[in-house]
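Reminder that position 85 of the sequence shown reads as 142 in the working numbering, one-by-one numbering, no gaps.
Note that CB positions come from ideal geometry on N, CA and C, so glycine has one too.
Quantities reported herein were computed from a predicted structural model and do not represent experimental measurements.
As structure tokens, the structure follows; a few thoughts come after it.
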Amino acid sequence: MNTEDANKGSRLIQNLMGSTIKIDQDDVKDIPLAFLAVEDMKFHLSWKWMMPVVIKVEEELGYLVEIKGTNCRIDTEDQSFENEKDTKLSAIWHTVVDFLEWHEENG
């Protein structure tokens with residue numbers, strides 16, 4: 058993945074998540090997105106960053122994020138987003154970004 062794609066995806070995710078990613082674990086700090094440059098966001102590299110996004114897509118937007126091996130899928134009423142990649146995290150990131158592009162236009 059190139060830097061431009063990672064930054065574009067990070068911007069989409071930041072739009073969904075707002076200024077802070079709240080992490081409900083005693084030993085893990087929340088992530089203050091409002092103070093970070095998009096280049097410093099690690100959604101594509103870190104489970105700590107990506108899993109709160111998956112939870113928000115499921116719990117607040119109401120779409121199931123199906124993860125099987127290195128495949129991820131999100132279905133809407135009229136659209137399906139699916140990616141199989143080398144790693145589980147990469148598949149999730151690409152699928153969520155594809156979904157968020159659609160959601161911003163149609164949500």
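Lys125 sits in a strand when the DSSP states are folded into three classes.
Setting aside the 5 residues that flank it on each side, Val114 is surrounded in the same chain by Tyr120, Val122, each with a C-beta closer than 6 Å to its C-beta; the list follows chain order. According to the DSSP assignment, Phe138 belongs to the beta strand (DSSP E) that extends over 137 to 141.
Ile78 is bridged by DSSP to Ile88.
Bounds of the alpha helix (DSSP H) holding His160 are 145 to 163. In this structure, Lys99 sits away from Thr127, with a CB-CB distance that is not shorter than 8 Å.
With a cutoff of 8 Å on beta-carbon distance, Leu102 and Val154 are scored as not near each other. Per DSSP, the unbroken alpha helix (DSSP H) holding Lys105 starts and ends at 104 to 116.
For Arg130, DSSP records a beta bridge to Glu123, Glu139.
Relative to Phe92, the option among Lys105, Thr77, Lys86 whose CA is nearest is Thr77.
When DSSP states are grouped into helix, strand and coil, Asn59 belongs to the coil group.
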